[in-house]
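Visitor:
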Amino acid sequence: MTQTESSPDALPDIAANLAAVKRTIADAAREAGRDPASVTLVAVAKTHGAARAEAALLAGHRVFGENRVQEAQAKWPALRARCPDLELHLIGALQSNKAAEAVALFDVIESLDRPKLAGALAREMERQGRRPACLVQVNTGEEPQKAGIAPPEVDAFIDHCRDDLGLPVTGVMCIPPADEEPAPHFALLREIARRNGLAVVSMGMSGDYETAVHLGATHVRVGTAIFGERPRPR
Ligand SMILES: *Cc1c(COP(=O)(O)O)cnc(C)c1O
Numbered sequence: 059m060t061q062t063e064s065s066p067d068a069l070p071d072i073a074a075n076l077a078a079v080k081r082t083i084a085d086a087a088r089e090a091g092r093d094p095a096s097v098t099l100v101a102v103a104k105t106h107g108a109a110r111a112e113a114a115l116l117a118g119h120r121v122f123g124e125n126r127v128q129e130a131q132a133k134w135p136a137l138r139a140r141c142p143d144l145e146l147h148l149i150g151a152l153q154s155n156k157a158a159e160a161v162a163l164f165d166v167i168e169s170l171d172r173p174k175l176a177g178a179l180a181r182e183m184e185r186q187g188r189r190p191a192c193l194v195q196v197n198t199g200e201e202p203q204k205a206g207i208a209p210p211e212v213d214a215f216i217d218h219c220r221d222d223l224g225l226p227v228t229g230v231m232c233i234p235p236a237d238e239e240p241a242p243h244f245a246l247l248r249e250i251a252r253r254n255g256l257a258v259v260s261m262g263m264s265g266d267y268e269t270a271v272h273l274g275a276t277h278v279r280v281g282t283a284i285f286g287e288r289p290r291p292r
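For my numbering, add 58 to where a residue sits in the sequence shown, where the first one is 1.
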């Protein structure tokens with residue numbers, strides 16, 4: 059057992075949790091007049107050991123999120139060998155010097171948050187011939203300590219990534235300020251996607267994914283409600 063693996067006696071019923079979250083998503087989508095199939099659940103497995111990810115795979119789930127390259131490298135290649143159709147999203151900060159590993163491992167990089175990283179990803183995609191979809195992370199609350207492009211700069215950044223660098227930018231993602239109502243941030247992110255012609259809107263976590271679906275999320279990133287409390291704060 060690795061250090062970050064949770065104690066097996068506390069193993070939550072992951073299949074039941076997944077079913078409940080998917081039901082909530084479907085209900086919220088219908089309430090908003092949306093097709094439930096237009097919302098993808100990204101199951102955030104960070105800090106949990108491979109056993110929990112495996113339980114979700116056995117329950118039929120295929121789309122997962124991790125926030126650290128190294129942790130994902132340790133956990134996912136073995137699972138992917140057995141389950142080639144799974145889709146892995148990077149949802150955490152990416153250092154430019156880890157761009158090669160990220161391009162090799164992930165199918166979607168949700169944390170494209172600065173020009174230097176955009177350049178590094180473009181060079182790696184060219185070198186590897188592998189093109190994971192990229193989401194531009196938007197700092198909707200303009201919080202100084204938080205990663206992401208500020209809303210006034212985001213249209214130009216998206217243009218730069220798509221037109222100058224040829225990156226496969228498919229959408230946007232945000233993490234609203236912890237101490238604010240998330241709804242205005244979700245509405246803003248959706249509007250940024252709309253005006254830039256981007257299909258993917260990644261927003262909503264365990265505490266607010268229902269609201270995010272009401273406001274147009276195409277992807278919600280849910281960890282705790284599926285896998286239980288994380289062993290350590292991250
Ligand atoms: C951890 C994390 C999540 C999932 O958070 P929960 O509250 O456990 O659902 C979603 N998005 C990002 C970027 C995260 O880091």
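From the three backbone atoms N, C-alpha and C, an ideal C-beta is built for every residue, glycine too. From a predicted model like this one, the values you see are computed outputs, not experimental measurements.
1) When burial is assigned at 16 or more other CB atoms within 10 Å of the CB, is R279 buried or exposed?
2) Between the C-alpha atoms of E63 and D221, what's the straight-line distance to the nearest angstrom?
3) Give the list of continuous alpha helix (DSSP H) stretches no shorter than 4 residues that lie fully inside the segment 200-279.
4) Using the three-state DSSP reduction, which class does V79 fall into: helix, strand or coil?
5) Which residue wins for smallest C-alpha separation from V259, given the options L273, G265 and D266?
6) Return the first residue and the last residue of the alpha helix (DSSP H) that G177 is part of.
7) Identify whether F285 lies in helix, strand or coil by the three-state DSSP scheme.
8) Tell me, which residues are paired with Q128 by DSSP?
9) My assumption, with CB atoms under 8 Å, is that C232 sits in contact with H218. Please give the rounded CB distance.
10) For F164, which option in F215, V121 and D171 has the closest C-alpha, if you only look at C-alpha atoms?
11) May I ask which residues mark the beginning and end of the beta strand (DSSP E) holding V97?
12) To the nearest angstrom, how far is it from the Cα of V161 to the Cα of E287?
13) Please tell me whether, using a cut-off of 7 Å, the distance from the CB of K133 to the nearest non-hydrogen atom of ligand 1 is below it.
14) Taking the alpha carbon of K174 as the reference point, which residue from A117, D143 and G206 has its own alpha carbon closest?
15) With distances taken between CB atoms, is the gap from C192 to L225 smaller than 8 Å?
16) Around the Cβ of S169, are there at least 16 other Cβ atoms within 10 angstroms (buried) or fewer (exposed)?
17) What do you reckon, are the CB atoms on L148 and A117 nearer than 8 Å?
18) If you measure from the beta carbon of P190 to each beta carbon in chain B, is any gap under 8 Å?
19) From this set, I167, H277 and A178, which residue's C-alpha is nearest A84's C-alpha?
20) Tell me whether I250 counts as near ligand 1, meaning its Cβ is closer than 7 Å to at least one heavy atom of that ligand.
21) Taking A108 as part of the alpha helix (DSSP H), name the residues at either end of that continuous run.
22) How about K104: is its Cβ closer than 7 Å to a heavy atom in ligand 1?
23) What does DSSP give as the partner residues of L193 in its beta bridges?
24) Can you name, in chain order, every residue of its own chain whose Cβ lies under 8 Å from the Cβ of T82, other than the five neighbours on each side?
Guide: Once the coordinates are examined:
1) The residue in question, R279, is buried, as its Cβ has 16 or more Cβ neighbours within 10 Å.
2) Its pLDDT being 49, under 50, E63 is placed unreliably in this model, and the coordinates cannot settle the point.
3) Correct list: 209-217, 241-253 and 267-272.
4) Helix, per DSSP.
5) Cα-wise, what sits closest to V259 is L273.
6) For G177, the enclosing alpha helix (DSSP H) has its first and last residue at P173 to Q186.
7) Three-state result, F285: helix.
8) Residue pairing by DSSP leaves Q128 without any beta bridge partner.
9) A Cβ-Cβ separation of about 19 Å leaves C232 out of contact with H218 under the 8 Å criterion.
10) For the residues F215, V121 and D171, the minimum Cα distance to F164 belongs to V121.
11) That residue, V97, is in no beta strand (DSSP E); it is neither H nor E in DSSP.
12) In a straight line, the C-alpha of V161 is about 29 Å away from that of E287.
13) For ligand 1, not one heavy atom lies less than 7 Å from the Cβ of K133.
14) The candidate whose alpha carbon is nearest that of K174 is G206.
15) Yes, the pair counts as a contact, with Cβ atoms nearer than the cut-off.
16) By the 10 Å Cβ count, S169 comes out buried.
17) Not a contact, by the Cβ cut-off of 8 Å.
18) The question asks about chain B, but that chain is absent: this structure has only one protein chain.
19) If we check each option's Cα against that of A84, H277 comes out closest.
20) When distances are taken from the beta-carbon of I250 to the heavy atoms of ligand 1, even the shortest one reaches 7 Å or more.
21) If you look at A108, you'll find it in the alpha helix (DSSP H) that goes A108 to L116.
22) Checking every heavy atom of ligand 1 against the Cβ of K104, one is found closer than 7 Å.
23) Beta-bridge pairing links L193 to G229.
24) Within the same chain, T82 has close Cβ partners Y267 and E268.
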